[in-house]
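Note sheet for the following structure.
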Amino acid sequence: MNAILPNPMFEATRLTREGRLAEASALLQRLLRGEAPAATAATTPQDIGAPVSGRLPRMIDVDPETGEASGPAPAPEPRTATAGRWSTAGLGTATMPQMPDALRGLLDQFNQGGLAQGLGGLPQGSIARAAEPLPDGAQFVAGSFSSDAGRRGYKLYIPGIHRGEAVPLVVMLHGCTQSPDDFAAGTRMNALAEEHGILVLYPAQPSSANAQKCWNWFSPGDQRRNEGEPSLIAGMTRQVMREHAVDPRRVYVAGLSAGGAAAAIMGQAYPDLYAAVGVHSGLACGAARDLPSAFAAMRQGATTAPLRAGDTQRVIPTIVFHADRDTTVHPRNGDQVIMQSGAAAASRFQVEIQRGQVVGGHAYSRTLHANAAGQTVLEQWLVHGGGHAWSGGSPAGSYTDPRGPDASREMLRFFLEHSQSATAS
107 MNAILPNPMF EATRLTREGR LAEASALLQR LLRGEAPAAT AATTPQDIGA
157 PVSGRLPRMI DVDPETGEAS GPAPAPEPRT ATAGRWSTAG LGTATMPQMP
207 DALRGLLDQF NQGGLAQGLG GLPQGSIARA AEPLPDGAQF VAGSFSSDAG
257 RRGYKLYIPG IHRGEAVPLV VMLHGCTQSP DDFAAGTRMN ALAEEHGILV
307 LYPAQPSSAN AQKCWNWFSP GDQRRNEGEP SLIAGMTRQV MREHAVDPRR
357 VYVAGLSAGG AAAAIMGQAY PDLYAAVGVH SGLACGAARD LPSAFAAMRQ
407 GATTAPLRAG DTQRVIPTIV FHADRDTTVH PRNGDQVIMQ SGAAAASRFQ
457 VEIQRGQVVG GHAYSRTLHA NAAGQTVLEQ WLVHGGGHAW SGGSPAGSYT
507 DPRGPDASRE MLRFFLEHSQ SATAS
C-alpha cells in the first residue's frame, strides 16, 4: 500500500532526506503555528504513485499482521488555545528542540499517514495467536505504575521455579506497534526465565503516548533521568523490586528498535539501577533531539554531538545486536551505542573479533571489548544478511528473524556476567 502524505509533510521529509534539516525544521515550525507553508515544487502524479520506500525514510515499525502502512490520518481539527497538545498556545517562537509534545504529535501524524513500512518479507507472526500455556506454577501478571510523569501498564513474568529468593530482573522494552505479550512471544525471554529462575518485566507504551506505541526516544524530555518516560520505566522497575524478591545488584534492561533506543537511554540515565544494557536494532542515547534529527539518525546514524556518556564516567556494560541489512535503523547506530557505552575507557579495551554461522541461517561477527581484568564489558553482534528484527526470535511474535543467532539467550548470558558493585538506588 502506498502512503500519501499531505504536501507539507512530504516536503519536510524530502528536505530531511536531503540533509536540509534547518529547512525541514522551519517548515514544521510553520505548520505547528498554523501558518501556510512556503510554496514548494509541484509533485507529479508519477512521483505520488511511486513506492514510498524510494522516497521517504521508514519509521521504526509497522502493522505486524499486515506488514503494510496504515491509511492517511484524518485531518486534524482546527487548532485553538484549548486544543491540547496540538494547541499553538505557549509555542511562540520556540525552536524545535523545545517542543517535544508538538514533535510527538507530528510524529504521530506521520505514522498514521502511512510513513511506516514493512520489513522486507521477514516473518511477522501473529499477535492474535492464542497465548501458550504457562508452565506449572508460573505467572504472567498485569500491573501498572503511576507517578507525576503519568501512568504505564506492564506484564511481569514470574517463573514456576521461583521460591521467593532474591533473583535477577530483566526489563524488556518492546518496539513500535508491539505489546508485552507480543514481545514476550517473539523473544522467548519467558522460556529463558524458567531456565534461569529470573523475573522479566515488560513495560507497555500506550497509543495515548505515541500513536504507534513507540517509546519517544527522540524527545529530549524523554532522554533524561527523573523525567518523562525514563522516570516511569525506572519507577516501575523499583516498584517490582519492592514488591518481589529481586537482587538489586542484578537488574538489567533491553529493548528492540524504539525500545532499544529507550534501553540505551535507561543505561545512561540510571547506571546505578541497571547493571547492564541490551540494545537490539536501536540507537544511542541522544541520537536525536527532534523529528528531523530522528529521521536522519535512523537513516545514517547520529550526525551531531549526542554521543557522550551522559553524566557518568563509568563504562556501561552493553550488548548490541544489529543486522547489516537493516534498512529501517542503520547499523551504524549499533556502533554508536558501543562507542557511547564505552567512552569512559575506550582506549584501554582489549578487542577480539569472532565469526560464526548459524546452522541453516545467518553468518555473524561478534566483537568483544574486554577490560584489564579480562572481563567482556562491551559485546557487539553484527548479523550478516539480516534485517530489522529480533535475531533468533520466534515467529509467534512480530519482527523476528529465526535464522539469526539467539539474541535473547546471548543477552541473558551477558547480563548474568555483570552485577552492580553496590545496591541500586
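Per this note's numbering: the sequence shown = residues 107 to 531.
Quick reminder that beta carbons are idealized off the backbone N, C-alpha and C, glycines included.
Only a predicted model underlies this, so the values are computations on that prediction, with no experimental measurement involved.
Out of the options, point me to the one whose CA is closest to residue i's CA.
{"i": "His475", "options": "Ala367, Val306, Val426, His468", "result": "Val426"}
{"i": "Tyr358", "options": "Ala340, Ala364, His350, Ala237", "result": "Ala340"}
{"i": "Asp287", "options": "Trp487, Tyr260, Ala450, Trp496", "result": "Tyr260"}
{"i": "Ser497", "options": "Ala479, Tyr470, Phe521", "result": "Tyr470"}
{"i": "Ala513", "options": "His468, Ser253, Gly448", "result": "His468"}
{"i": "Val385", "options": "Ala400, Ser363, Gly492, Arg258", "result": "Ser363"}
{"i": "Ala429", "options": "Arg420, Leu522, His494", "result": "His494"}
{"i": "Ser313", "options": "Arg294, Thr283, Met295", "result": "Thr283"}
Which value, in whole angstroms, describes the spacing of the CA atoms of residue i and residue j?
{"i": "Pro326", "j": "Ile371", "result": "11 Å"}
{"i": "Leu397", "j": "Asn322", "result": "11 Å"}
{"i": "Leu240", "j": "Gln456", "result": "43 Å"}
{"i": "Ile267", "j": "Val306", "result": "14 Å"}
{"i": "Tyr376", "j": "Gln446", "result": "14 Å"}
{"i": "Arg269", "j": "Met404", "result": "43 Å"}
{"i": "Ile304", "j": "Gln526", "result": "16 Å"}
{"i": "Asp328", "j": "Lys319", "result": "14 Å"}
{"i": "Ala450", "j": "Gln311", "result": "32 Å"}
{"i": "Thr473", "j": "Ala291", "result": "28 Å"}
{"i": "Ser399", "j": "Ala315", "result": "20 Å"}
{"i": "Gly334", "j": "Gln481", "result": "34 Å"}
{"i": "Val489", "j": "Met517", "result": "14 Å"}
{"i": "Met347", "j": "Glu238", "result": "27 Å"}
In the DSSP assignment, find the beta strand (DSSP E) that holds residue i and state where it starts and stops.
{"i": "Phe251", "result": "245-253"}
{"i": "Leu338", "result": "Unbroken run through Leu338 is the alpha helix (DSSP H), 334-349; no beta strand (DSSP E)."}
{"i": "Glu238", "result": "Unbroken run through Glu238: none, as it is neither H nor E."}
{"i": "Ser471", "result": "469-476"}
{"i": "Glu458", "result": "456-463"}
{"i": "Lys319", "result": "Counting along the chain, Lys319 falls outside any beta strand (DSSP E), and DSSP gives it neither H nor E."}
{"i": "Gly256", "result": "256-264"}
{"i": "Val273", "result": "273-279"}
{"i": "Val435", "result": "Neither: Val435 is in no beta strand (DSSP E) and is coded neither H nor E."}
{"i": "Pro309", "result": "305-309"}
By Cβ distance, which residues of its chain are closer than 7 Å to residue i, with the 5 residues on each side in sequence left out?
{"i": "His524", "result": "Ala381, Ala382, Pro423"}
{"i": "Glu271", "result": "Ala351"}
Could you tell me the boundaries of the alpha helix (DSSP H) in which residue i lies?
{"i": "His302", "result": "295-302"}
{"i": "Gly440", "result": "438-447"}
{"i": "Arg515", "result": "513-522"}
Within a Cβ cutoff of 6 Å, which residues of the same chain sit near residue i, ignoring the five residues on either side of it in sequence?
{"i": "His280", "result": "Phe289, Gly365"}
{"i": "Val435", "result": "Ser387, Met404"}
{"i": "Pro511", "result": "Val464, Tyr470, Ser497, Gly498"}
{"i": "Ala299", "result": "Tyr263, Pro265, Val306"}
{"i": "Thr343", "result": "Val277"}
{"i": "Gln460", "result": "Arg472"}
{"i": "Gly440", "result": "Val426, His428"}
Can you give me the Cβ contacts of residue i inside the same chain, cut-off strictly under 8 Å, excluding the 5 residues immediately before and after it?
{"i": "Gln442", "result": "Leu389, Ala390, Ala393, Gly407, Ala408, Leu413"}
{"i": "Arg454", "result": "Asn477, Ala478"}
{"i": "Gly492", "result": "Ala429, Asp430, Arg431, Asp432, His468, Asp507, Arg509, Gly510"}
{"i": "Arg420", "result": "Pro377, Ala450"}
Sequence ranges, alpha helix (DSSP H) only - wholly within the segment 357-429, length at least 4:
Within the segment 357-429, the alpha helix (DSSP H) runs of at least 4 residues that lie entirely inside it are, in chain order, 364-375, 397-406.
Segments of 3+ residues assigned as beta strand (DSSP E) that fall wholly inside the segment 486-515:
Along the segment 486-515, the beta strand (DSSP E) does not occur as any fully enclosed run of 3 or more residues.
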